[in-house]
Amino acid sequence: MRKAVWALFLSLALAQTGPYPRFCAQCHGDKGQGVRPYPGFAALLKDRLWETPEGRRYLIQVVLYGRKTETLLMPGFAQLKDEEVAQALNQVLALLGAKATPFAPEEVAKERARPLSPEEVRRPSPPR
Numbered sequence: 001m002r003k004a005v006w007a008l009f010l011s012l013a014l015a016q017t018g019p020y021p022r023f024c025a026q027c028h029g030d031k032g033q034g035v036r037p038y039p040g041f042a043a044l045l046k047d048r049l050w051e052t053p054e055g056r057r058y059l060i061q062v063v064l065y066g067r068k069t070e071t072l073l074m075p076g077f078a079q080l081k082d083e084e085v086a087q088a089l090n091q092v093l094a095l096l097g098a099k100a101t102p103f104a105p106e107e108v109a110k111e112r113a114r115p116l117s118p119e120e121v122r123r124p125s126p127p128r
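Following UniProt numbering, the numbering of the sequence shown begins with 1 at its first residue and continues without gaps.
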C-alpha cells in the first residue's frame, strides 16, 4: 500500500514534467478535460476501467497502439519506454483523483509483447 501511495504522489509531482503533458495534453487537455474533437477522461472516471485486469490491459493498449473509432483515430505511442507509458497512465489516474493501484512498467511490457493495430484495440465492459 505504501508503494502505491508513493507512486501516486510521484505521479502528481511529475504531472507537469512527465509524459502526459508532452504527449497527451495537447489532445486530452492539461487536466484531462478534452480538447475538441478529442475526448476528456470523464468516461474513464465513470467506468473505472483501471479496476479490472481487462480494463488495465485496454488502457495500456490504447496508449501503446492507439484506437480507431468511427470518428477519431488516436495514435499509438509505442515509441515510449514501458516506464513512460506507466507514468503517463499514472498521471491520468492522478488527474482523475482515482484511488487505484499504479500502473507498473511490467504491465506495459506484457502488453507490448502482443502488438495490435488501432482497430484491434477493444474497450471492455466497465466493472460492475
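The beta carbon of each residue, even a glycine, is placed where N, CA and C say it ideally should be.
Take every Cβ of the segment 31-41, pair it with every Cβ of the segment 83-90, and state whether three or more of those distances are shorter than 8 Å.
Short answer: they don't touch.
Exposed or buried, which one is Leu49 when buried takes at least 16 other CB atoms within 10 Å?
Leu49 should be labelled buried.
Would you kindly report the start and end of the unbroken alpha helix (DSSP H) that includes Ala86?
82-96
Could you tell me whether the Cβ atoms of Phe41 and Leu80 are closer together than 8 Å?
Contact: no.
Quick one: what does DSSP say Lys46 is sitting in, helix, strand or coil?
Correct three-state label for Lys46: helix.
Would you mind sorting residue 144 into buried or exposed? The rule is 16 or more other CB atoms within 10 Å of its CB.
The requested residue 144 does not occur in the structure, where the chain is confined to residues 1 to 128.
Arg56: first and last residue of the uninterrupted alpha helix (DSSP H) it sits in
53-65
Could you give the distance in angstroms between the alpha-carbon of Ala104 and the alpha-carbon of Glu70?
Cα atoms of Ala104 and Glu70: separation of roughly 31 Å, rounded to the nearest angstrom.
Mapping DSSP to helix, strand and coil, what is Lys68?
Strand, per DSSP.
Applying the 10 Å Cβ sphere with the 16-neighbour rule, what's the burial state of Arg67?
buried
Tell me whether residue 140 is buried or exposed, calling it buried when 16 or more other Cβ atoms sit within 10 Å of its Cβ.
Residue 140 lies beyond the residue range present for the chain, which begins at 1 and ends at 128; the question has no answer from this structure.
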